[in-house]
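As given, the protein sequences belong to chains A and B, one line each in that order. The first sequence begins at 1 in this note's numbering and counts up one residue at a time. The second sequence begins at 1 in this note's numbering and counts up one residue at a time. Heads up, the beta-carbon is just placed ideally off N, CA and C, and yes, glycines get one too. Data first, discussion second: the structure below is written as structure tokens.
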Amino acid sequence: MFSESESQAILARALEAANADESDAALISIDQNISRFANSNLHQNMSEISAGLTLRVIVNGSMGVASTSSFDSEEIARTAELAREAAKHSDPLQNFSGLYKDHEPLPQLATFDQQTASMSPAEKAHDLKVMFERGREAGVQFAGAYLSASTSVATANSHGVNRYAQLTFSDATVIALRDGSSGYATRCARRAREVDILSLGEEATQKATLALGHNEELEPGAFDVILEPPALAEVFEWLNMIAFTGQAYEDGSSFLVDNIGRQLAGGNITIADDATDPDFLPFPFDLEGLPKRRVPMIENGIVRGPVLDKAWADRLSMQPTANAWHLGSPEHGSAFHIDVAGADATREELIASTKLGIWVTRFNYVNGLLEPKTALMTGTTRDGTFLIRDGEVVARLPNLRWTQSLVEALGQVEGLTKERRRVATWFNMFGGTIAPTVKVRGWNFTGKQTEHT
Amino acid sequence: MKPTRAQFEHALKSLRNPALRYADIRWTATHQQHVRVRNGEVDALTSTVDRAIGVRVLVGNGWGFAATSHVSEEAIQQTAQRALEVAAASHIASSGSVVLSDIEPHVATWASAFEIDPWSIALEKKIEHLLAATEPMRGDRRVHQVSGDLSCYRQEKVFASTVGSYIEQTTTEMGGGIEAAALEGGEFQRRTYPNPFGGDYQAAGWEFIERLDLPKKAPLIRDEAIALLSAPKAPAGRFDLIVGSSQLALQVHESCGHPTELDRAMGLEISLAGGSFMQPEMLGHFRYGSELVDIVADATIPGSIGSFAYDDDGVPAQRFHLIDKGMFVDYLTGRDTAPAIGRKSNGTVRAESAARIPIIRMTNINLEPGTTPLEEMIADTKHGIYVETNKSWSIDDLRLNFQFGCEVAYEIENGKLGRLLRNPVYTGITPEFWRSCDAVGDRASWQIWGLPNCGKGDPLQTMRVAHGAPAARFRNVEMA
Chain A
1 MFSESESQAI
11 LARALEAANA
21 DESDAALISI
31 DQNISRFANS
41 NLHQNMSEIS
51 AGLTLRVIVN
61 GSMGVASTSS
71 FDSEEIARTA
81 ELAREAAKHS
91 DPLQNFSGLY
101 KDHEPLPQLA
111 TFDQQTASMS
121 PAEKAHDLKV
131 MFERGREAGV
141 QFAGAYLSAS
151 TSVATANSHG
161 VNRYAQLTFS
171 DATVIALRDG
181 SSGYATRCAR
191 RAREVDILSL
201 GEEATQKATL
211 ALGHNEELEP
221 GAFDVILEPP
231 ALAEVFEWLN
241 MIAFTGQAYE
251 DGSSFLVDNI
261 GRQLAGGNIT
271 IADDATDPDF
281 LPFPFDLEGL
291 PKRRVPMIEN
301 GIVRGPVLDK
311 AWADRLSMQP
321 TANAWHLGSP
331 EHGSAFHIDV
341 AGADATREEL
351 IASTKLGIWV
361 TRFNYVNGLL
371 EPKTALMTGT
381 TRDGTFLIRD
391 GEVVARLPNL
401 RWTQSLVEAL
411 GQVEGLTKER
421 RRVATWFNMF
431 GGTIAPTVKV
441 RGWNFTGKQT
451 EHT
Chain B
1 MKPTRAQFEH
11 ALKSLRNPAL
21 RYADIRWTAT
31 HQQHVRVRNG
41 EVDALTSTVD
51 RAIGVRVLVG
61 NGWGFAATSH
71 VSEEAIQQTA
81 QRALEVAAAS
91 HIASSGSVVL
101 SDIEPHVATW
111 ASAFEIDPWS
121 IALEKKIEHL
131 LAATEPMRGD
141 RRVHQVSGDL
151 SCYRQEKVFA
161 STVGSYIEQT
171 TTEMGGGIEA
181 AALEGGEFQR
191 RTYPNPFGGD
201 YQAAGWEFIE
211 RLDLPKKAPL
221 IRDEAIALLS
231 APKAPAGRFD
241 LIVGSSQLAL
251 QVHESCGHPT
261 ELDRAMGLEI
271 SLAGGSFMQP
281 EMLGHFRYGS
291 ELVDIVADAT
301 IPGSIGSFAY
311 DDDGVPAQRF
321 HLIDKGMFVD
331 YLTGRDTAPA
341 IGRKSNGTVR
351 AESAARIPII
361 RMTNINLEPG
371 TTPLEEMIAD
381 TKHGIYVETN
391 KSWSIDDLRL
401 NFQFGCEVAY
411 EIENGKLGRL
421 LRNPVYTGIT
431 PEFWRSCDAV
441 GDRASWQIWG
451 LPNCGKGDPL
461 QTMRVAHGAP
471 AARFRNVEMA
């Protein structure tokens, strides 16, 4: 992981080589260990040290971007030449007022934990060995992944903006398997001590053995559903891609378009991008150097707007929201810290209030491209799908397919828990989703996983 | 930048551990360039170069892998030592025994063929080509956005192992496509050519882009995007379904390619991507599809992005059946998984780059052409639906229950293509679907499609794979 002085030296050389009207550069270095296990056996164990530099230049109002993983002067000069060449052949950015210049102070956030940064593969292996032994006693086998990482993020631009932060991240996922049933548990945090793999093993085991031997089937139809945070995280990641990004808003495919200020969801729904919450996965700035702040996309059911990088904010005559996570990204702003507000219920209360419904641990392979204007999505359930009858969990259900408009569903949320959980995402190390467990009326289940014949 | 053979061999020799059973070192340099135009202007123009070194060791029964983007002799040595440390940690929580299938040492150099180097074409020409291809789609108020993409990819790779192999491979690829998005009222429709998500990809040069003839296809794409706005919704119910080549390629990918990955079947990928309904005890006697269904894995097809000369275990590229006349006969395997089913590796282990651990990946997984011309298939269908070009995809964790949405559909009545239909969605259970196949298109409708974005592994690896498929007909399929 690069220190602040090492990062600034590389960025300074990149900005000097840029030779452009304006330029900015981002340098990210990662030191991560990930241990993957299956059949209660550690089968893939990896350690990675890597770094990447992205340089963006503005020439005559046009933008060009190039990146490299080598930082010698010759390679940086070649990268700068590629970026200038790209800018030369690009059109001027519409209504662009220039790169960020304001030097605003950053929120003070604790993003780094030394114990997490120094966690070794051997420490994880010892934890896993204990979990595997407990699993054998409980008659379950475990699969999953256990990661710890430390990262340096630095960004600078030709207006003298200079940002640097170190962050740590720990993430574990555990699936327990027994007699054809499975259960799932996951945690992520800036501090590894908040990710207790043994507790996750117990939680996954409880899910795998809950109502074991009591199997029922349901014909497709609309059912009240209790969705746990990992299930919500997957659909909200898709909502980000198809509705919240600057690009989805600008090209008209987002359901936010023409709806800003309108009540589109229930009054109990607030979805924001918030990297400043110390209980989430905090981070102080985006890669354009803007200070992170809380940005509501939907507030008490009312549409507030998309997340935007600087270029697309100017283009749309809106305010940038500090959501540029790649310089020159085609998303033009992406919500990497999806914060779904909770309420005052407990999961047990949500279950107890359900006459006939389905409790879902997580989803599998969601796709949100069916009809973006209504956020029509499809996916299946996995690793713990349960039937609720008269307020009690009475049976395990097979994995089910669902096809549901999220715009419709956000208007049918009947209850939210106070407790919220962080869920990591596979596509970035900065953030993820923090969400409560929710109860939604009339979720459309359209099929089921059928055993082969 | 590229380490010498002596440096590779020195690093392998530096791995001093009496329990070391195997080690390999890979170096990759991955060059990518992407040009995108949108609504008559350049929207994105990016270049990336990533270099990495990866060292994999097997010590006793513990695997260790370490990687770095710092490519220097000192970094290689440090990375090799880190791999040993990681392997030692694996020992703590590893209970199984690792058996590797036999392999011969290979010393070879290979490069995919191209006529015109993608990097020899000036950026200006690439932009002009895309602007010319997208301009015919503009002008109608309902066409809100037109775009075009060109992607150039080259990966240089060196592999050296303690078996004695030293293999250098270079793959050069080009991809491209166009898209029209139409918007009116609350309706939003996209139409793409030749495929969505950046188009089609081949291991080829600029000549591939010229063959696509994007400008010629543009008016048709525009017209269909507009027509979709007012087209009737594809009906729900059960229909005889003819699936066009590019959509069937993705069907093969999701419902045959992934479930025949042996690591998935063994539960090794269960935490992220899931498992497989196709279990080893089913090999040789499970009817996956009708007798018309032959699916092969073939990493030797020239010009396809799923081809190579050696996989990242150093095993030569191969062609073999996964599904033979409808029967499940083989898996995609690697050296450390094939022995579990009593076989030798069939050479399908690859990594995105040297920064990632090699895992089983699809190569070119192809539904072999049949004998029925597409026109005859349509003429022989009394009441059905024809679907083409993928729009959405979803399948469960065992690869049984799938649902696909397509960009377009046409109704078929009394053997003739009828009205255009919007938002078609079909769903089914994998073996039931493939067993219902009663016509497979001939060579004329067969085409190989490059998919550069197959995700698997943790950390996620994006792999370049391909699928050949003709059109084919499936009876009594559920449309949602």
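Asp324(B) and Ile301(B) have their C-alpha atoms spaced approximately 19 Å apart. Interface criterion not met: the Cβ of Asn476(B) is under 8 Å from no Cβ in chain A. Excluding residues up to 5 positions away in sequence, Gly306, Met362, Leu451 and Cys454 lie with their Cβ nearer than 6 Å to the Cβ of Val465(B) in the same chain.
Chain B places no beta carbon closer than 8 Å to that of Tyr249(A), leaving this residue out of the contacts. Going by DSSP, Thr205(A) is part of the alpha helix (DSSP H) stretching over Ile197 to Thr209.
The beta carbon of Thr371(B) sits closer than 7 Å to the beta carbons of Asp442 from its chain, once the five residues preceding and following it are set aside; these are given in chain order.
Rounded to whole angstroms, the gap between the alpha carbons of Ser150(A) and His326(A) is 19 Å.
By the CB criterion at 8 Å, Cys256(B) and Leu332(B) fall outside the cutoff. DSSP places Ser97(B) outside any alpha helix (DSSP H), giving it a letter other than H or E. For the pair Val37(B) and Gln206(A), the Cα-to-Cα distance works out to about 52 Å. Assignment of beta strand (DSSP E) within the segment 291-350 of chain B, counting only whole runs of 3 or more residues, yields 295-298 and 319-324 in chain order.
Annotation: the segment 380-427 of chain A contains the following complete segments of the beta strand (DSSP E) (minimum length 3 residues), in chain order: 392-396, 400-405 and 413-424. With a threshold of 8 Å between beta carbons, Arg141(B) makes no contact with chain A.
Cβ neighbours of Glu413(B) within its own chain (closer than 7 Å, five residues either side excluded): His383. Contact annotation: Leu416(A) and Phe283(A) have beta-carbon atoms that are not nearer than 8 Å. Remark: C-beta atoms of Ala351(B) and Ile357(B) approach each other more closely than 8 Å. Taking the Cα positions, Val163(B) is about 48 Å away from Gly333(A).
Neighbours of Ala44(B) in chain A, taken as residues whose beta carbon is under 8 Å from its own, are Val65, Gly328 and Pro330 in chain order. At the C-beta level, Ser69(A) and Ser246(B) stay beyond 8 Å of one another. DSSP places His89(A) in the coil class of the three-state scheme, outside both helix and strand. Chain-order list of chain A residues neighbouring Arg51(B): Ser69 and Ser70, by C-beta distance under 7 Å. Under the three-state reduction of DSSP, Gln247(A) is assigned to helix.
Its chain contains Ser182, Tyr184, Thr361, Arg362, Phe363, Asn364 and Asn399 as the residues whose beta carbon lies nearer than 8 Å to that of Arg382(A), once the 5 sequence neighbours on both sides are disregarded; these appear in chain order. Chain-order list of chain B residues neighbouring Trp426(A): Leu272, Gly455, Asp458, Pro459 and Leu460, by C-beta distance under 9 Å. Interface annotation, Leu82(A): in contact with chain B, CB-CB separation under 8 Å. A residue is called buried when at least 16 other Cβ atoms come within 10 angstroms of its Cβ; Leu198(A) does not meet this threshold and is exposed.
In this structure Met241(A) is buried. Its beta-carbon is surrounded by 16 or more other beta-carbon atoms within 10 angstroms. Rounded to the nearest whole angstrom, the CA to CA distance from Phe132(A) to Ile271(A) is 38 Å. For Arg419(B), the enclosing beta strand (DSSP E) stretches over residues Lys416 to Leu421.
Within the segment 67-119 of chain A, the complete alpha helix (DSSP H) runs of at least 4 residues fall at 73-88 and 114-117.
Between the C-alpha atoms of Gln81(B) and Leu15(B) there is a straight-line separation of about 7 Å. Distances from the CA of Lys233(B) to each of Val49(B), Gln32(B), Leu130(B) and Asn423(B) were compared; the closest alpha carbon is that of Asn423(B).
Taken in chain order, the complete alpha helix (DSSP H) segments of 4 residues or longer contained in the segment 354-410 of chain B are 374-379.
At the C-beta level, Gly431(A) and Ala275(A) come within 8 Å of one another.
Under the three-state reduction of DSSP, Phe236(A) is assigned to helix. Neighbours of Ala51(A) in chain B, taken as residues at a C-beta separation under 7 Å, are given in chain order as Ser69.
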